[in-house]
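Enquirer: In terms of this note's numbering, the sequence shown has 81 at position 37, counting the first letter as 1, and numbering is strictly consecutive.
From the three backbone atoms N, C-alpha and C, an ideal C-beta is built for every residue, glycine too.
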Amino acid sequence: MNDHPSRLSTPDLRDECLDGAECLFDTELHDGPDPEDRFEHPDARAAREDVAKDICATCPVQVVCLEYAIRTKPASGVWAGLTADEIAQLHALRMEREQFAEAFEEVA
45 MNDHPSRLST PDLRDECLDG AECLFDTELH DGPDPEDRFE HPDARAARED VAKDICATCP
105 VQVVCLEYAI RTKPASGVWA GLTADEIAQL HALRMEREQF AEAFEEVA
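(1) Would you tell me roughly how many angstroms separate the C-alpha atoms of R57 and I99, rounded to the nearest one?
(2) Below 8 Å on the Cβ atoms is my contact criterion, and I expect A124 with L137 to pass it. Report the Cβ-Cβ distance as a whole number of Å.
(3) Residues in its own chain within less than 7 Å of T127 by CB, not counting five upstream and five downstream?
(4) Do P15 and V108 have their CB atoms nearer than 8 Å?
(5) Is L62 helix, strand or coil when you go by DSSP?
(6) To the nearest whole angstrom, what separates the beta carbons of G64 and P118, a pair I think is in contact under 8 Å?
(7) Assign T127 to one of three DSSP states: helix, strand, or coil.
(8) Which whole runs of the alpha helix (DSSP H) in the stretch 103 to 148 are 4 residues long or more, in chain order?
What follows is the structure, given as structure tokens:
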């Protein structure tokens, strides 16, 4: 990848994420069990997410995955070492920063 992840299109980011992502070896670890099949106790979920975050920490596509997740706002799972709720917070911060930058450009 020659371009910074922020310059890639969303489909290109998805493709980059799929090329060498560590989560592909155990998707249930990152996504959790199918909610229709079984309930996941909150303690079990926290333990699973901790392990998933450890795997993400050494993943070669972590930066690309984070950019993809911020853009697509997943409803669940662990992405680039962050939960869907944490990614939603980053997305909101990015939107605030972009709105501030646009407002500043209008004033300048």
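Expert: Walking through what the data contain:
(1) If you number the sequence shown from 1, residue 57 lands on position 13. If you number the sequence shown from 1, residue 99 lands on position 55. It is worth fixing the name first, because residue 57 is Leu in this sequence and not Arg. Looking at the two C-alpha atoms, the distance is approximately 19 Å.
(2) In the sequence shown, residue 124 corresponds to position 80, counting from 1. In the sequence shown, residue 137 corresponds to position 93, counting from 1. Wrong, their Cβ atoms sit about 15 Å apart, outside the cutoff.
(3) Numbered from its first residue, the sequence shown carries residue 127 at position 83. Excluding sequence neighbours, T127 sits near E93.
(4) With the chain represented from 45 up to 152, any question about residue 15 goes unanswered, as that position is not in the structure.
(5) In the sequence shown, residue 62 corresponds to position 18, counting from 1. If DSSP states are grouped into helix, strand and coil, L62 belongs with the helices.
(6) On the sequence shown, residue 64 is found 20 positions in, with the first residue counted as 1. On the sequence shown, residue 118 is found 74 positions in, with the first residue counted as 1. About 19 Å; that fails the 8 Å criterion.
(7) Counting from one through the sequence shown, the residue named residue 127 turns up at place 83. It is a strand residue.
(8) Secondary structure within the stretch 103 to 148: the alpha helix (DSSP H) runs of 4 or more consecutive residues, fully enclosed, are 106 to 116 (chain order).
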